[in-house]
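Residue numbering for the sequence shown follows our numbering, beginning at 336 and increasing consecutively.
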Amino acid sequence: MSGADIRCPAMTAADMPEVWRIEQSLPGPWTFNQLRDELQLPLGWHFTLKSAAGIHGYIFGITIAGEAEIRKLAIHQDFRRQGLGHKLLKQAWRHLTTQKAAACFLEVREKNTAATALYRKNLFQTVGSRPDYYKLPPDNAVILRKNLSGGQPIQTRGQKACEI
């Protein structure tokens, strides 16, 4: 699968069965109803990562009063470590530029070093923690924040601006 084969369209209700299959492979997965409800949030935004073979990942977020939150980012286990999480974040930055968001927040499991490395590469900084936040399996949450440029192209380490 080449990068040219990948696209990041907005998620639709028709995508939910594939999204649900990926979600079930994660630690502490959301329920199908939680995913469906997330898709219906009026201020929410959500994208899939697709190729001809199907959905390889997805992102759910919400923007309120100029601040964004990434609520879920997941990549199918067979497609991890291929830069696909970065592609989803680039799509989010593109969307958030149109919304003129000033900051983006997220929580990540403390033990999820791969995800933490992805977020650090995208210039997120630790702003707090929540001890014993995750229950299945038990883990602390690390709260990360990225300053955005209020509608300007958003930079990541080693890039001038995000482009897909």
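By construction, the Cβ of each residue, glycine as well, lies at the ideal position given by its N, Cα and C atoms. Just so it is clear, the structure is predicted and the values come from calculations on it, not from any experiment.
Spatial neighbours of Ala436 in its own chain (CB-CB distance under 7 angstroms, excluding positions within 5 residues in sequence) are listed in chain order as Thr398, Gly401, Glu402, Ala403, Leu483. Annotated three-state conformation of Arg455 is helix, per DSSP. For Glu404, the enclosing beta strand (DSSP E) covers residues 402-410. Across the set Leu376, Arg429, Thr432, Ala388, the C-alpha of Ala388 shows the shortest separation from the C-alpha of His411. Counting only residues of its own chain and dropping the five nearest sequence neighbours on each side, Tyr468 has a CB closer than 8 angstroms to the CB of Glu442, Asp474, Asn475, Ala476.
If you compare the alpha carbons of Pro466, Cys439, Arg444, Pro377 with that of Ala409, the shortest gap goes to Arg444.
By a beta-carbon distance limit of 8 angstroms, Val354 contacts Ile390. Their separation comes to about 6 angstroms. The way I'd put it, the region 379-386 does touch the region 418-431; three or more beta-carbon pairs between them come closer than 8 angstroms.
The three-state secondary structure of Thr432, taken from DSSP, is helix. Approximately 19 angstroms separates the beta-carbon atoms of Met351 and Leu378; this is outside 8 angstroms, ruling out the contact. Inter-residue distance for Ile478 and Gly363 is about 18 angstroms (C-alpha atoms, whole angstroms). Where Gln460 is concerned, there is no enclosing alpha helix (DSSP H), although the beta strand (DSSP E) around it starts and stops at 460-469.
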